[in-house]
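K.L.:
Here this note's numbering is used: the first residue of the sequence shown is 240, the next is one more, and so on.
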Amino acid sequence: MPDTRATIIDQPLIVLHPDDSVGIARHEIAAGTALQGGLVVASRVPAGHKVALKPHAAGDKILRYGQIIGFASAPIAVGAHVHEHNLGLGEFTRDHAIGADRQSPAPHLTGRGFLGYRRPDGRVGTRNYVGILTTVNCSAHVALSVARAFERNEMAGYDPLAEFPNVDGVVALTHKTGCGMSAGEPLQLLRRTLEGYARHPNFSHVIVLGLGCEVNQVGGLFDGGNPALRRLTIQGEGGARKTIARAVEDIRAILAEPNAVNREWVPASELKVALICGGSDSYSGITANPALGAASDLVVRHGGTVILSETPETFGAEHLLTRRAATQAVGERLVDRIRWWESYAAAHGVSLNANPTPGNKAGGLTTIIEKSLGAIAKAGRTNLEQVIEYAEPATMRGLVFMDGPGYDPVQVTGQIASGANVVAFTTGRGSVFGSKPVPTVKLATNSPMYRHMADDMDINCGTILDGEESVADCGKRIFDRLLATAGGHRSKSEEQDFGAPEFAPWVIGPVI
Numbered sequence: 240m241p242d243t244r245a246t247i248i249d250q251p252l253i254v255l256h257p258d259d260s261v262g263i264a265r266h267e268i269a270a271g272t273a274l275q276g277g278l279v280v281a282s283r284v285p286a287g288h289k290v291a292l293k294p295h296a297a298g299d300k301i302l303r304y305g306q307i308i309g310f311a312s313a314p315i316a317v318g319a320h321v322h323e324h325n326l327g328l329g330e331f332t333r334d335h336a337i338g339a340d341r342q343s344p345a346p347h348l349t350g351r352g353f354l355g356y357r358r359p360d361g362r363v364g365t366r367n368y369v370g371i372l373t374t375v376n377c378s379a380h381v382a383l384s385v386a387r388a389f390e391r392n393e394m395a396g397y398d399p400l401a402e403f404p405n406v407d408g409v410v411a412l413t414h415k416t417g418c419g420m421s422a423g424e425p426l427q428l429l430r431r432t433l434e435g436y437a438r439h440p441n442f443s444h445v446i447v448l449g450l451g452c453e454v455n456q457v458g459g460l461f462d463g464g465n466p467a468l469r470r471l472t473i474q475g476e477g478g479a480r481k482t483i484a485r486a487v488e489d490i491r492a493i494l495a496e497p498n499a500v501n502r503e504w505v506p507a508s509e510l511k512v513a514l515i516c517g518g519s520d521s522y523s524g525i526t527a528n529p530a531l532g533a534a535s536d537l538v539v540r541h542g543g544t545v546i547l548s549e550t551p552e553t554f555g556a557e558h559l560l561t562r563r564a565a566t567q568a569v570g571e572r573l574v575d576r577i578r579w580w581e582s583y584a585a586a587h588g589v590s591l592n593a594n595p596t597p598g599n600k601a602g603g604l605t606t607i608i609e610k611s612l613g614a615i616a617k618a619g620r621t622n623l624e625q626v627i628e629y630a631e632p633a634t635m636r637g638l639v640f641m642d643g644p645g646y647d648p649v650q651v652t653g654q655i656a657s658g659a660n661v662v663a664f665t666t667g668r669g670s671v672f673g674s675k676p677v678p679t680v681k682l683a684t685n686s687p688m689y690r691h692m693a694d695d696m697d698i699n700c701g702t703i704l705d706g707e708e709s710v711a712d713c714g715k716r717i718f719d720r721l722l723a724t725a726g727g728h729r730s731k732s733e734e735q736d737f738g739a740p741e742f743a744p745w746v747i748g749p750v751i
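1) Taking only runs that begin and end inside the segment 653–737, name each unbroken beta strand (DSSP E) of 3 or more residues, in chain order.
2) Tell me the rounded alpha-carbon separation between GLU330 and ILE608.
3) Going residue by residue through the segment 565–623, where are the continuous alpha helix (DSSP H) segments of at least 4 residues, counting only ones entirely within it?
4) Do GLY370 and PHE310 come within 7 angstroms of each other at the CB atom, strictly closer than that value?
5) Roughly how far, in whole angstroms, is the beta-carbon of THR606 from the beta-carbon of ILE253, given that I think they are within contact range, below 8 angstroms?
6) Between VAL454, ASP398, ALA401, LEU412, which has its C-alpha nearest PRO425's C-alpha?
7) Would the segment 544–552 and the segment 624–637 be scored as touching if the rule is three or more Cβ pairs under 8 angstroms?
8) Please work out which residues of its chain come closer than 6 angstroms, Cβ to Cβ, to CYS377, disregarding the five sequence neighbours upstream and downstream, and give them in chain order.
9) Under the rule that 16 or more other beta-carbon atoms within 10 Å means buried, what is ILE248, buried or exposed?
10) Confirm, please, whether the CB-CB distance from THR561 to VAL337 is below 7 angstroms.
11) Quick one: give me the first and last residue of the beta strand (DSSP E) that GLY643 is part of.
12) Just to confirm my understanding: we take GLY767, look at its own chain, exclude 5 residues before and 5 after, and list those with CB closer than 7 angstroms. What are they?
13) From the DSSP output, in three-state form, read off ILE525 for me.
14) Could you check which residue in ASP360, ALA345, SER260, THR332 has the C-alpha nearest to that of HIS320?
15) Regarding LYS681 and the ligand MG, is the C-beta to nearest heavy atom distance less than 6 angstroms?
16) Skipping 5 residues on each side, what residues in its chain have a beta carbon closer than 8 angstroms to that of ASN405?
17) For THR550, does the three-state DSSP call read helix, strand or coil?
18) Could you tell me which residues DSSP pairs with GLN306 in its beta bridges?
19) Any contact of the segment 463–482 with the segment 387–394, i.e. 3+ C-beta pairs under 8 angstroms?
20) Taking the alpha-carbon of LEU278 as reference, which of GLY748, GLY287, ALA291 has the nearest alpha-carbon?
21) Of the residues ASP407, VAL512, ALA534, GLU571, which one's Cα is nearest the Cα of ALA495?
22) Does the count of Cβ pairs from the segment 524–539 and the segment 657–665 closer than 8 angstroms reach three?
23) Apart from the five residues just before and just after GLY475, which ones in its own chain have a Cβ nearer than 7 angstroms to its Cβ?
24) Out of GLY327, ALA286, THR373, point me to the one whose CA is closest to ASP299's CA.
25) Following the continuous beta strand (DSSP E) through ILE263, name the residue where it begins and the one where it ends.
26) Return the bridge partner residues of GLU330 from the DSSP annotation.
27) Can you check which of these residues, SER508, PRO676, THR526, VAL539, is closest to ASN685 by C-alpha distance?
28) So, helix, strand or coil for ILE248, using DSSP?
29) What's the call for ILE263, buried or exposed, on a 16-neighbour Cβ count within 10 Å?
30) Could you tell me the alpha carbon to alpha carbon distance between VAL626 and ALA633, rounded to whole angstroms?
31) Could you tell me whether the segment 679–699 touches the segment 718–734, using the rule of 3 or more Cβ pairs below 8 angstroms?
32) Would you mind stating whether PRO440 and ARG358 have Cβ atoms separated by less than 7 angstroms?
33) Measuring straight from C-alpha to C-alpha, what distance separates PRO644 and ASP520?
34) Compute the distance between the beta-carbons of LEU537 and PHE353, then report whether it is under 7 angstroms.
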């Protein structure tokens with residue numbers, strides 16, 4: 240990827256790389272507007288959309304970031320608006336060149352840290368929740384009823400956790416599956432996700448609720464000997480009311496234990512940051528994503544971990560990651576996952592290029608490759624150390640890639656199960672996503688959206704587009720906010736108590 244880590248000069252058209260054949264409209268450009276270099280815009284171009292910098296014949300490559308984003312599907316004149324009507328995906332070969340850009344590690348940084356919860360096994364949490372997990376959808380209502388017993392009622396002046404200020408809350412995480420499924424990959428995927436949450440350091444204690452007769456049996460889960468884990472089944476307790484009463488009683492009995500846990504200073508190496516983008520626009524790859532990439536590099540240089548994901552939104556740009564693979568096996572595993580997704584999509588009669596949403600396209604993104612090239616900027620420039628399955632524990636420090644779909648709730652659920660203790664979420668169109676038990680920090684790609692959705696955005700990266708700061712400086716600001724959030728600073732989604740319904744394990748395979 241080109242180095243865009245400098246303040247962008249205030250020009251109507253942003254050109255990201257000397258080889259680019261299109262520029263990006265900083266703001267809406269009216270038809271007939273003369274731009275830098277004598278270029279005249281042929282028709283109205285919405286903000287964030289592409290303008291041809293040179294003539295293209297049908298079939299010509301179209302370049303952004305110095306990379307192919309697709310091919311002209313019709314002749315394109317200089318100054319023309321470039322989008323779905325004249326730009327298609329096409330076929331071309333990418334040189335994965337595994338390890339070709341592998342680097343020696345940058346000098347290690349020390350001295351930064353945050354106030355976290357050090358658990359008995361040595362891992363560090365950023366929040367201190369009591370969790371209620373369900374094995375099956377059949378126990379979802381019971382779990383939600385248990386959690387409601389611990390909700391604050393401000394109008395009534397009632398707070399059942401008032402005597403336990405160190406407890407962030409009691410949260411029930413429910414889902415739509417757990418039965419009517421095969422005992423193969425679908426069940427393994429669900430179990431791996433639930434086990435990742437059950438052992439997550441942001442939970443001090445966990446109660447697992449099942450119905451009793453489901454495929455995803457309580458007894459077959461969580462055999463790690465966690466003393467802070469309790470299991471109940473509705474059938475075993477004698478019905479819903481008895482199960483709710485028992486679970487509420489059990490939680491009340493243990494609340495003093497998590498309340499006795501205090502935050503302590505831990506080094507920044509304990510950060511595990513999930514990298515995610517949702518509601519992306521054309522500015523995502525110019526501002527928020529590369530700025531988050533700069534912050535990711537700082538996390539890695541401090542000994543921490545960043546977890547990139549969204550495999551379908553890596554398609555077409557995976558060669559930029561494989562070139563940074565720490566080993567041949569790591570690079571090959573990423574290519575294998577890309578190939579799996581190509582086969583998976585084809586088997587269901589869809590194309591990975593269908594990934595860009597109407598919102599993405601309205602924001603100026605045309606092809607999946609264009610979207611992917613901007614998305615992987617979140618990963619910074621360090622070596623790719625590990626490629627893991629969905630919800631598999633991230634065991635390596637540095638940049639880790641977790642396989643999974645591009646849908647935000649499903650993806651973040653997997654990243655948290657893999658061990659992420661902070662989520663960094665970039666958005667251009669605007670997302671109100673939140674997560675529990677891990678806080679989500681949302682980064683706006685542009686200032687108008689940041690101001691319009693100020694109650695939902697944590698950081699404005701539109702300052703880069705406005706010429707107020709460089710990508711590197713914005714990255715430092717993001718790194719500081721990640722540390723502050725890990726240390727207890729409440730994110731905008733936390734202030735609104737978002738995050739429990741967004742728990743969404745990846746469901747794969749038939750319902751039978």
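We treat Cβ as the ideally placed atom computed from N, Cα and C, and that holds for glycine.
P.N.:
Reading from the atomic positions:
1) Unbroken beta strand (DSSP E) stretches of 3 residues or longer found wholly inside the segment 653–737: 661–666, 679–683, given in chain order.
2) Straight-line Cα distance between these residues: approximately 11 angstroms.
3) Here the runs fully enclosed are 567–586, 597–601, 607–614.
4) With a cutoff of 7 angstroms on beta-carbon distance, PHE310 and GLY370 are scored as not near each other.
5) A Cβ-Cβ separation of about 18 angstroms leaves THR606 out of contact with ILE253 under the 8 angstroms criterion.
6) Selection VAL454, ASP398, ALA401, LEU412 evaluated against PRO425 yields VAL454 as nearest (Cα-Cα).
7) Yes, since at least three Cβ pairs between the segment 544–552 and the segment 624–637 fall closer than 8 angstroms, the two stretches touch.
8) Short of 6 angstroms from the beta carbon of CYS377, and not among the five residues preceding or following it, lie these beta carbons of its own chain, in chain order: LEU450.
9) The predicted model places ILE248 with a pLDDT of 48, which falls under 50 and marks its position as unreliable; any figure quoted below should be read in that light. Of the residues assessed, ILE248 falls on the exposed side of the cut-off, its CB having fewer than 16 other CB atoms within 10 angstroms.
10) A small correction: the amino acid at residue 337 is Ile; Val does not occupy that position in the sequence shown. It is a contact, given that the beta carbons lie within the stated cut-off.
11) From DSSP, GLY643 is part of no beta strand (DSSP E); its letter is neither H nor E.
12) Within the shown structure, residues of the chain are numbered from 240 to 751, placing residue 767 beyond reach of any answer.
13) Here ILE525 sits in coil by DSSP.
14) Checked all of ASP360, ALA345, SER260, THR332; the closest Cα to HIS320 is SER260.
15) Questions concerning the ligand MG fall outside what the structure shown contains, since it holds no ligand whatsoever.
16) Hits under 8 angstroms: ASN367, PRO497, ASN498, ALA499, VAL500, ASN501.
17) Helix.
18) Partner(s): ARG303.
19) No, the segment 463–482 does not touch the segment 387–394.
20) The shortest C-alpha separation from LEU278 is found at ALA291.
21) Considering only alpha carbons, the answer is ASP407.
22) Yes, the segment 524–539 touches the segment 657–665.
23) Cβ neighbours of GLY475 beyond the five flanking positions: GLY451.
24) Each of GLY327, ALA286, THR373 was checked against the Cα of ASP299, and the nearest Cα belongs to GLY327.
25) For ILE263, the enclosing beta strand (DSSP E) stretches over residues 261–264.
26) GLU330 is bridged by DSSP to nothing; it lacks a bridge partner.
27) With distances taken between Cα atoms, ASN685 lies closest to THR526.
28) Low local confidence applies: a pLDDT of 48 at ILE248 is under 50, so the model's placement there is unreliable, with the coordinate-based value given in what follows. Note: ILE248 maps to coil in three-state DSSP.
29) With 16 or more other Cβ atoms within 10 Å, it is buried.
30) A direct Cα-Cα distance of roughly 9 angstroms separates VAL626 from ALA633.
31) The segment 679–699 is in contact with the segment 718–734.
32) ARG358 is positioned such that its CB atom lies closer than 7 angstroms to that of PRO440.
33) Straight-line Cα distance between these residues: approximately 19 angstroms.
34) Not a contact, by the Cβ cut-off of 7 angstroms.
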